[in-house]
Structures are given as structure tokens and as C-alpha cells.
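Trainee: Handing you a structure now.
Number of protein chains: 2
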Amino acid sequence: MGKNTVKVGLLGAGTIGKGVVDLYKRNGASINKKIDFDLVLERVADRDENRLKALELEEKKLTTDAAHVLDDPGIDIIIELIGGIEPARSFITRALENGKYVVTANKDLMASYGQELLDMARGKNINIFYEASVGGGIPLIRPLKYSLVADRIQRLVGIVNGTTNYIFTRMAQDDLSLQDALSEAQRLGFAEADPTNDIEGLDAAYKLVIMANLAFGKKAELDRVYIQGIRGVNYKDIFYAREIGYTIKLLAIGEELPEGLALRVHPTLVPLGHPLASVSNELNAIFVESEAAREVMFYGPGAGAMPTATAVLADVVEAARCIRFNVADGVIEKSLAETAFVSIQDLTVRFYLRILAEDRPGVFAALANAFGDEGVSLDMIIQKRRVDDMAEIVLVTHEVKEKAFYQALHKISGVAAIKPDPSIIRLLG
Amino acid sequence: MGKNTVKVGLLGAGTIGKGVVDLYKRNGASINKKIDFDLVLERVADRDENRLKALELEEKKLTTDAAHVLDDPGIDIIIELIGGIEPARSFITRALENGKYVVTANKDLMASYGQELLDMARGKNINIFYEASVGGGIPLIRPLKYSLVADRIQRLVGIVNGTTNYIFTRMAQDDLSLQDALSEAQRLGFAEADPTNDIEGLDAAYKLVIMANLAFGKKAELDRVYIQGIRGVNYKDIFYAREIGYTIKLLAIGEELPEGLALRVHPTLVPLGHPLASVSNELNAIFVESEAAREVMFYGPGAGAMPTATAVLADVVEAARCIRFNVADGVIEKSLAETAFVSIQDLTVRFYLRILAEDRPGVFAALANAFGDEGVSLDMIIQKRRVDDMAEIVLVTHEVKEKAFYQALHKISGVAAIKPDPSIIRLLG
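The listed protein sequences derive, respectively, from chains V and A. All residue numbers for the first sequence refer to the numbering used here, where the first residue is 44 and numbers rise by one. All residue numbers for the second sequence refer to the numbering used here, where the first residue is 44 and numbers rise by one.
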């Protein structure tokens with residue numbers, strides 16, 4: 044039997060950090076009652092004194108020096124909520140070296156150096172918990188680790204970026220342009236001042252890597268993720284998508300194929316009847332397809348101070364239980380295997396394509412020939428409306444190799460009557 | 044450090060039992076690799092030799108005598124998949140007395156005697172795990188126990204019965220009558236030969252009690268659940284519901300109100316935009332509303348041999364980890380408080396009402412007066428179509444006390460022009 048009191052130190056008093064402190068203040072007593080031992084928030088470090096002050100904790104619990112948390116032998120668990128790679132990586136390394144359990148919400152770090160840090164933790168017979176790094180307040184990492192332990196996951200499909208989901212929802216509901224929807228999201232706090240990582244899909248890619256590691260038991264790598272952001276999606280695409288029974292979402296998709304892992308992030312047409320289609324606004328959801336359970340989905344708030352704080356504190360409780368009961372060797376991610384990766388070019392998907400073309404005879408034939416030559420068969424062809432002097436044509440292909448599709452597209456780009464830069468969006472298969 | 048090999052005994056070789064054996068055969072090696080110790084399926088008991096034979100296990104692992112499993116000192120964990128109260132209750136009691144961890148999928152038992160059995164387990168410093176008792180393959184109990192430990196759950200809304208959800212889906216999609224949809228469900232194995240517990244809402248009530256215990260930390264009681272089955276729902280109601288933007292689901296709803304717990308199971312109009320609305324066919328989902336995470340949903344297969352087997356084996360792994368690492372005192376449900384209950388009559392909800400009335404002057408006035416007198420204000424009135432000589436009238440109220448609504452209804456029943464036994468369905472608030 045271990046200790047009756049487990050002491051926690053917090054690095055970072057930003058929005059999430061304050062959320063954790065507030066939630067601890069509000070529910071700490073009820074948590075302690077549930078787990079039958081005492082979790083004590085011992086000290087909080089942040090460089091910014093004003094942020095520390097805003098926590099409204101006793102003076103002695105506050106410090107501007109992370110070392111006062113990291114090197115305090117009385118502290119058992121470190122919560123890292125600084126974000127980004129440095130100094131978070133050095134701090135977590137130091138915490139592990141000092142034998143402390145780590146709880147983090149840091150997706151960049153876990154996607155880039157998660158394996159290294161988990162290996163280090165394992166070497167020390169301790170652990171790192173990172174539920175809050177994906178899907179904010181949605182219980183996801185824990186179910187992937189424990190609940191689906193007996194199953195074999197085949198595919199993960201996630202709406203894991205709240206900013207882009209909010210933008211698409213607003214574009215669909217109010218026919219807003221992407222730029223207007225983004226401004227709205229920024230005004231409401233669903234997008235950061237610099238939304239690049241969200242808009243370009245990098246944030247979703249980080250989360251995909253973290254999930255794929257766990258789901259497939261393989262070493263997923265960030266630079267093997269195909270990433271396409273949402274900038275190319277026009278509200279017209281959302282309109283046409285709806286007409287043919289789809290909605291558009293930025294999806295993070297991880298698949299285990301016979302040839303290896305296929306990891307990708309891109310805007311995707313999702314059938315309206317699919318559970319992911321009704322995940323709106325800033326909410327997130329992760330749809331898991333597996334051999335035995337078949338389909339399971341986790342839905343909820345992917346960000347926000349209080350939701351994320353619930354995930355952080357749940358991890359703290361898990362770490363504290365490990366300490367309390369001397370549970371060693373909790374790193375279930377230890378046996379990740381090396382894996383091959385399947386390039387996006389070798390995947391078979393369906394495409395939506397919106398083209399502007401001069402409204403004259405022979406254009407359809409040129410299109411049809413280009414696709415026919417590459418063996419790309421078409422499921423739907425909609426010539427919808429005239430835009431100025433042009434005809435707007437929407438096509439949906441049957442399943443096709445990416446490579447063949449792009450070869451056909453290359454041929455089409457040679458047809459003078461067709462305007463360059465068509466909208467191209469993949470469908471969820 | 045505990046044992047390197049953990050031995051498991053299984054009681055019951057029915058559909059789920061066979062699923063567990065099959066899944067263990069298929070994925071046992073990969074599970075053992077993940078958890079770094081050996082789970083061994085030591086023995087299976089069933090009265091029926093044919094069912095044992097169908098497992099295709101070595102002869103020595105099979106027995107028709109449960110005692111050969113329960114009293115084998117080499118067995119650490121008992122999986123109970125017999126179902127029903129007896130002999131399951133006696134067997135689990137005996138397993139606990141013998142110091143064995145228990146894993147069960149038995150909702151009837153856990154809803155009726157869960158507290159008693161958990162207390163007994165706690166007294167022995169062991170535990171009972173029952174993930175498979177609610178929501179089949181959906182990770183739910185574990186997230187409620189651990190992931191939301193720092194949050195305060197305010198309301199649970201669940202589609203937890205696959206049979207009735209399948210029936211409503213078919214009625215909506217194909218305008219089937221309830222009876223035809225039920226026959227279809229039986230043909231496809233989504234409904235049992237005797238579907239009473241499903242159709243009458245009892246199955247959902249069992250699951251609600253199990254979830255409410257965990258979610259609210261209060262002792263929920265089966266006989267304090269208001270239960271209304273689906274027999275009163277006509278396909279016309281589904282049709283009208285859709286017209287006003289709703290779908291009909293059998294919901295299990297648990298709320299913590301200032302006056303106590305309110306627990307109920309009844310058909311409910313769910314807004315089409317709500318995540319529960321798109322949970323179709325035999326699938327289940329549990330929507331959790333809480334203070335910090337706000338809204339979280341768990342979706343997946345609520346039944347079926349293989350999905351349920353994943354939940355059972357996840358519990359076995361958790362039990363095995365407790366044994367392996369000598370984790371005592373894992374019963375987090377120990378501190379359930381006594382609670383008051385709020386009667387359905389004191390709840391405030393919105394009602395949908397479909398009435399047949401003679402198509403003559405004064406009927407609307409009589410209706411309006413009856414509602415007006417009881418302070419029931421109407422949100423929508425639709426006089427839709429003539430059925431024979433009658434007018435079909437659909438009303439939706441604003442929020443109203445149940446008591447007041449039924450008093451108004453009583454008055455209406457005195458109006459000769461109105462046919463008795465209108466359709467009455469609550470809305471999800």
C-alpha cells in the first residue's frame with residue numbers, strides 16, 4: 044500500500060491551467076471522497092505573476108520558477124499545461140528523471156516525442172497520461188487503451204479540430220464564406236488569433252498520430268500523415284454536398300491496411316446519415332471501426348478550459364491511484380511496433396469534383412474521355428448552374444486509385460474550355 | 044508484485060459466452076502482449092454439453108458443474124454470463140466468498156443487487172466489473188467511473204435498448220406498424236422470441252439504474268423508475284414527429300434535481316439536430332450532460348456477442364491488472380448516498396398529443412379551454428387530415444407540470460366529440 048496523500052504540481056497557469064485549478068477547487072473534496080485518499084494541489088508555476096494571481100490560491104502555492112515544482116521531492120505528479128515543444132519537453136523529462144508521474148494536454152509534444160517520453164517513463168516504472176491531448180473533454184485515450192484492449196481496431200475517423208468544424212457548420216448553416224466563418228469563430232473564441240495550425244490541418248494531424256499509436260499499436264509518425272487543410276473548400280461545395288446527401292467535415296483518418304498504416308487529414312464529404320455528420324459547431328467526435336465492436340463513437344467538447352480540465356484531473360486521479368497502490372509498469376503503449384506507411388497516392392477513394400467550364404459542346408465529352416482513359420468511372424454528374432458565362436459541373440467518382448484520378452485531372456487541365464483549380468474533395472468510404 | 048499468470052473461469056456458454064471464448068482465442072495472444080502477463084482461460088461451465096462442445100476447447104477445460112469453476116482455488120476471475128437473478132446471484136456470491144474477482148454482463152442482477160454485491164466485494168478487497176451490462180460493446184461504465192471522476196453529472200439520456208430502437212427506425216424508414224417492425228426485428232435477431240422486457244421498457248430501466256448509481260453517486264432504485272414502453276406509439280406519431288422536426292426514441296433519462304433523482308424510461312420526441320436523433324437501427328448511445336464537460340456521448344453496438352465480448356474481456360483485463368499489481372479497494376461505487384426521488388408527476392416537460400375528434404365547430408374551443416384552465420400553454424397546433432369522419436389534431440405544449448397536463452387531459456376526456464386514448468409522448472427538454 045502506497046501513500047494516503049498524493050501531491051500534485053502544475054506547470055502553466057493559462058486558460059486550461061486555471062480551469063484545472065478551478066475544477067479542483069470546486070470538486071476536489073468530492074474527488075477525494077470517491078478515491079478514498081487525498082489529492083493535494085501543492086504548487087503552481089508560471090512565468091507570469093498575473094496569471095498566478097488570477098488563480099486565487101494561497102501565496103505559498105505559487106511560484107514563477109518551474110524548478111520549485113519539478114525538483115520538489117514532495118510532489119508526486121506533474122501536470123504540464125505549457126504547450127508546445129520547449130520548455131515542455133525538458134520539463135517533462137526532468138519530472139520523469141525525478142520519478143514523478145506526468146499528466147499532459149500537450150498534443151504537439153505527444154505527437155512528436157510521445158514514444159521517447161513514454162519509454163523514459165517505462166524505464167522509471169512510472170507513466171505519462173495524456174487524455175486531454177486529444178478530444179479535450181471526451182474520454183478517448185482511456186477507452187482506446189483499456190476498453191478496446193481485446194478488439195482489433197481497423198479504422199479511426201475523427202473530427203478532432205473544433206475550429207474547422209465550427210467554420211464548416213457556420214458555412215453550411217448561414218452560407219458564410221470561409222473567411223467570414225473564421226472571423227466569427229475568432230470573435231467567439233473558437234479560433235485563435237493565428238489559426239494556421241487549425242486551418243491547415245496540422246492540429247488534427249498531431250491528434251491523429253497520438254490516436255493511431257494507441258489504436259493500432261504501431262509507431263505512427265507525423266511526417267507520414269498526408270495533410271490537407273480547409274482553405275480550398277468553398278461554401279458552394281458545402282451547398283452541392285448537401286444536395287447529394289453529404290456534409291463536409293475536416294476528418295483525421297487512420298487505417299490499418301495490409302500494406303501498412305494510412306494516415307491522412309483532409310476535408311471530406313460525410314454521408315448525412317453517418318453519426319459524424321451531426322457533430323456540429325465546435326464539438327468533436329471520434330468514430331472507431333473495429334473487428335469485434337464494429338463501430339463505436341466518442342463525442343463531446345474537443346476543447347475549452349473546463350472540459351479539458353475534467354480530462355486532466357481524471358488523469359491525475361489515475362496517476363494517483365498508481366502511486367497509492369504501487370502499480371508499476373502501467374505503460375501499455377510500450378510494445379508499439381515499427382510499421383510501413385501507405386502513401387495517399389496508393390489509396391482507393393471516391394472524389395467529389397467541382398469544375399467551371401465554358402458552356403459549349405464537347406466539354407462533357409472531353410471530361411468523360413479523360414476519366415474514361417484512366418479507368419475512373421463516374422457515379423454522379425450534375426451540371427448545375429451557369430456562373431457568368433461558365434457552366435458549373437459537379438462530378439462524383441466511384442472508388443478509384445488516387446493516382447489514376449490525378450492523372451485524369453492532369454489530362455482535363457489540358458482542356459482549354461475548363462478553368463484551372465477545380466474543387467476536389469474526397470468522400471468518406 | 045502479484046502473479047504473472049491470471050486464470051479465468053467462465054460461467055455460461057450461450058451466445059455471449061461463446062463470443063468471449065472466440066474473441067479470446069482470436070486475440071488472447073495480442074492481449075497478453077499488451078498487458079505483459081498471461082491471461083489463461085482455465086475452465087468453462089454450462090449445464091448444456093452441446094453448448095460446451097460448440098466452444099471447441101480442450102475437453103479438460105469444460106464442465107457441466109459450476110462448482111468446478113467457482114471452487115477451483117487456481118481460478119482468479121469468474122466471468123458470469125448466465126443472466127437473470129438465480130443462479131447467477133448465488134454463483135457470484137460464492138465467487139466473492141472465494142476471493143475471486145467477478146466480471147458480469149448481467150443487467151438484471153446489477154440493477155437489483157449490484158450494491159449488495161459490490162459491498163461484499165469491497166469487504167473482501169476485490170471488485171466486480173460490469174461494463175457489458177449496459178451498452179454492450181460501448182465503453183461506458185469505465186468512462187463514467189474514471190474519466191468523469193472530476194466532473195458533476197447532471198443528466199443522463201440514453202438509447203440503451205437496441206430492440207426498440209431498431210423497431211422505431213424501421214417504423215420511420217418504411218412506415219411499418221410496430222407489430223411488423225417487431226416481427227422483422229425478431230427475424231433478424233434484434234428482438235427475442237419474448238420481447239416483453241424490451242418493449243415494455245424494463246430492460247432500459249435496469250440499465251438506467253446501473254448508470255445512475257455511477258453517474259450521480261446515489262443509490263438509484265429500480266422501483267423508483269417511471270417506466271412506459273413503446274406499445275402506444277403509432278407510425279403516425281413518427282410521421283407527425285418528423286414533420287415538426289423530431290424523431291421518436293425510447294429514452295432512459297436520469298436527472299439529479301434539487302429535490303432528488305428523477306428516473307424515467309419512455310418514448311420521447313428527440314429534435315433531429317440532437318446527436319441522439321441519428322442513432323439508428325439496433326445501435327445504442329448514452330448522452331451525458333455535466334457541469335464541466337457539458338455534453339459527452341458514447342455510441343456503439345448495445346448488444347451482440349462479439350461487441351459484448353470486447354467489454355467482458357476489457358473488464359477481465361482490468362480485474363487481472365488489479366490481481367497482478369495487488370490493487371486493493373477498487374470499488375469506486377462504495378460511497379453511494381441515499382437519495383430522495385422525484386415522481387414523474389412533479390416533473391416539468393413538454394408533451395406531444397395526437398387526438399382524433401369529430402370535425403365540427405367547438406372542438407378546438409373545448410380543447411383550448413381545457414388546456415387554458417390548467418395553465419397548459421400550447422406551442423404548436425396542427426390539424427392535419429381527416430381520418431374517416433374525424434379530424435386528426437396534433438398538439439405540442441410548452442413546458443408544463445405533468446400533473447397539470449394530465450388534469451387538462453382528464454377534462455378533455457369529458458368532451459364527447461373527442462375520441463378516448465389519444466397518443467401522448469414527451470419531448471426531450
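Idealized CB from N, CA, C, for every residue including glycine.
My output table needs one value for A:Leu124: the three-state DSSP class, helix, strand or coil.
Mentor: In the second sequence, the residue the question calls residue 124 of chain A occupies position 81. Three-state result, A:Leu124: coil.
Trainee: May I ask which residues mark the beginning and end of the beta strand (DSSP E) holding V:Tyr289?
Mentor: Reading the first sequence from its first residue, position 246 is the one you call residue 289 of chain V. Start and end: 289-300.
Trainee: Per DSSP, which one or two residues make a beta bridge with A:Asp81?
Mentor: Numbered from its first residue, the second sequence carries residue 81 of chain A at position 38. Its beta-bridge partners are A:Thr48.
Trainee: Where A:Gly201 and V:Asp431 are concerned, what is the direct C-alpha to C-alpha distance, given to the nearest angstrom?
Mentor: Here the question's residue 201 of chain A lines up with position 158 in the second sequence. Here the question's residue 431 of chain V lines up with position 388 in the first sequence. Cα to Cα, A:Gly201 sits roughly 51 Å from V:Asp431.
Trainee: Rounded to whole angstroms, how far is the Cβ of A:Ala224 from the Cβ of A:Ile210, which I believe are closer than 8 Å?
Mentor: Counted from its first residue, the second sequence places residue 224 of chain A at position 181. Counted from its first residue, the second sequence places residue 210 of chain A at position 167. Yes, they are in contact, since the Cβ atoms of A:Ala224 and A:Ile210 sit about 4 Å apart, within 8 Å.
Trainee: In the segment 298-318 of chain A, which residues sit with their C-beta less than 9 Å from some C-beta in chain V, listed in chain order?
Mentor: Hits within the stretch, in order: Leu315, Gly316, His317, Pro318.
Trainee: Going by DSSP, what residue range makes up the alpha helix (DSSP H) through V:Thr212?
Mentor: One-based indexing of the first sequence puts residue 212 of chain V at position 169. Segment 205-217, the alpha helix (DSSP H) holding V:Thr212.
Trainee: Any idea what DSSP makes of A:Arg165, helix, strand or coil?
Mentor: Counting from one through the second sequence, the residue named residue 165 of chain A turns up at place 122. Reduced to three states, the DSSP call for A:Arg165 is helix.
Trainee: Can you check whether the C-beta of A:Ala336 is within less than 8 Å of a C-beta belonging to chain V?
Mentor: Translated into positions along the second sequence, residue 336 of chain A becomes position 293. By this cut-off, A:Ala336 is an interface position.
Trainee: Using a Cβ-based criterion (distance less than 7 Å to any ligand heavy atom), does A:Asn93 qualify as near the ligand NAP?
Mentor: Inclusion of the ligand NAP in the displayed structure is not the case, the ligand content being empty and no account of it being possible.
Trainee: Express the C-alpha separation of V:Val83 and V:Met44 in angstroms, rounding to a whole number.
Mentor: To locate residue 44 of chain V, count along the first sequence from 1; it is residue 1. To locate residue 83 of chain V, count along the first sequence from 1; it is residue 40. Residue confidence for V:Met44 is low, a pLDDT of 47 falling below 50, so the modelled location carries little weight and cannot support an answer.
Trainee: Determine which residues of the segment 138-166 of chain A have a Cβ less than 8 Å from any Cβ of chain V, and write them out in chain order.
Mentor: Listed by position along the chain: nothing, the set is empty.
Trainee: Cα separation between A:Glu57 and V:Arg274?
Mentor: Your numbering for residue 57 of chain A matches position 14 in the second sequence. Your numbering for residue 274 of chain V matches position 231 in the first sequence. Looking at the sequence shown, residue 57 of chain A is not Glu but Gly. Approximately 54 Å, taken between the alpha carbons.
Trainee: Assuming A:Arg397 and A:Lys279 are in contact, meaning their beta carbons sit under 8 Å apart, how far apart are those beta carbons, in whole angstroms?
Mentor: Locating residue 397 of chain A in the second sequence gives position 354, where the first residue counts as 1. Locating residue 279 of chain A in the second sequence gives position 236, where the first residue counts as 1. Correct: roughly 7 Å between the Cβ atoms.
Trainee: Beta carbons nearer than 8 Å to chain V: which residues of the segment 244-265 of chain A have them?
Mentor: Flagged, chain order: Gly260.
Trainee: Locate the alpha helix (DSSP H) running through A:Lys250, then write down its first and last residues.
Mentor: Numbered from its first residue, the second sequence carries residue 250 of chain A at position 207. Start and end: 245-259.
Trainee: How would you write the range of the beta strand (DSSP E) that V:Arg429 sits in, first residue to last?
Mentor: Within the first sequence, numbered from 1, the residue matching residue 429 of chain V stands at position 386. First-last of the beta strand (DSSP E) with V:Arg429: 421-430.
Trainee: Could you work out which residues of chain A lie near V:Val458, taking near to mean beta carbons separated by less than 9 Å?
Mentor: Residue numbering aside, residue 458 of chain V sits at position 415 when the first sequence is read from its first letter. Those do not exist, as V:Val458 stays about 41 Å from chain A at its closest Cβ, beyond 9 Å.
Trainee: Listing by chain order, which chain C residues have their CB less than 7 Å from the CB of V:Thr353?
Mentor: Reference to chain C is not applicable here, since the protein chains of this structure are V and A.
Trainee: If you measure beta-carbon to beta-carbon, which residues of the segment 101-124 of chain A are closer than 8 Å to chain V?
Mentor: Listed by position along the chain: nothing, the set is empty.
Trainee: Taking 8 Å as the cut-off, decide whether the C-beta atoms of V:Gln450 and V:Ser333 are in contact.
Mentor: Walking along the first sequence from the start, residue 450 of chain V turns up at place 407. Walking along the first sequence from the start, residue 333 of chain V turns up at place 290. No.
Trainee: In angstroms with no decimal places, state the Cα-to-Cα distance between V:Leu100 and V:Ile171.
Mentor: Locating residue 100 of chain V in the first sequence gives position 57, where the first residue counts as 1. Locating residue 171 of chain V in the first sequence gives position 128, where the first residue counts as 1. Rounded to the nearest angstrom, the two C-alpha atoms are 26 Å apart.
Trainee: Using 10 angstroms around the beta-carbon of A:His309, count the other beta-carbons present and answer buried if the total reaches 16, otherwise exposed.
Mentor: Taking the second sequence and counting its residues from 1, the one referred to as residue 309 of chain A is at position 266. Buried, since its Cβ has 16 or more Cβ neighbours within 10 Å.
Trainee: May I ask you to report which of helix, strand or coil DSSP gives V:Gly60?
Mentor: Numbered from 1 along the first sequence, position 17 holds the residue referred to as residue 60 of chain V. Three-state DSSP puts V:Gly60 in a helix.
Trainee: How is A:Glu401 classed by DSSP in three states: helix, strand or coil?
Mentor: By 1-based counting over the second sequence, the position of residue 401 of chain A is 358. Of the three classes helix, strand and coil, the one that applies to A:Glu401 here is strand, per DSSP.
Trainee: Does the Cβ of A:Asn93 have 16 or more other Cβ atoms within 10 Å, making it buried, or fewer, making it exposed?
Mentor: For the purposes of this step, residue 93 of chain A is taken as the residue at position 50 of the second sequence. Answer is exposed; the Cβ neighbour count stays below 16.
Trainee: Can you check whether the C-beta of V:Met214 is within less than 8 Å of a C-beta belonging to chain A?
Mentor: Within the first sequence, numbered from 1, the residue matching residue 214 of chain V stands at position 171. Chain A contact via Cβ: absent.
Trainee: Is the CB of A:Leu66 under 8 Å away from at least one CB in chain V?
Mentor: On the second sequence, position 23 is the one that residue 66 of chain A refers to. Yes, A:Leu66 lies at the interface with chain V (some Cβ there is under 8 Å from its Cβ).
Trainee: Can you tell me which of the three DSSP states V:Ala380 falls into?
Mentor: Stepping through the first sequence from its first residue, residue 380 of chain V is reached at position 337. It is a strand residue.
Trainee: How is the beta strand (DSSP E) around A:Glu435 delimited, first residue to last?
Mentor: Within the second sequence, numbered from 1, the residue matching residue 435 of chain A stands at position 392. First-last of the beta strand (DSSP E) with A:Glu435: 433-440.
Trainee: Can you give me the start and stop residues for the alpha helix (DSSP H) that A:Ile242 sits inside?
Mentor: The count along the second sequence starts at 1 and reaches residue 242 of chain A at position 199. Start and end: 239-242.
Trainee: How is the alpha helix (DSSP H) around V:Asn93 delimited, first residue to last?
Mentor: Stepping through the first sequence from its first residue, residue 93 of chain V is reached at position 50. Here the alpha helix (DSSP H) through V:Asn93 covers 92-97.
Trainee: Contact defined as beta carbons within less than 8 Å: I believe A:Ala413 pairs with A:Ile468. What is the distance between those atoms, to the nearest angstrom?
Mentor: Residue mapping note: residue 413 of chain A aligns to position 370 of the second sequence, counting from 1. Residue mapping note: residue 468 of chain A aligns to position 425 of the second sequence, counting from 1. About 19 Å separates the two Cβ atoms, so there is no contact after all.
Trainee: Spatial neighbours of V:Ser420 within its chain, please: CB distance less than 6 Å, with the 5 preceding and 5 following residues excluded, ordered by chain position.
Mentor: As a working note, residue 420 of chain V is residue 377 in the first sequence. Here the set comprises His441.
Trainee: Select from V:Glu286, V:Ser323, V:Lys188, V:Ala88 the residue whose C-alpha is nearest the C-alpha of V:Asp108.
Mentor: Taking the first sequence and counting its residues from 1, one reaches residue 108 of chain V at position 65. It is V:Ala88.
Trainee: Note the first and the last residue of the continuous beta strand (DSSP E) segment covering A:Phe341.
Mentor: Taking the first residue of the second sequence as 1, we reach residue 341 of chain A at position 298. Where A:Phe341 is concerned, the enclosing beta strand (DSSP E) stretches over 337-344.
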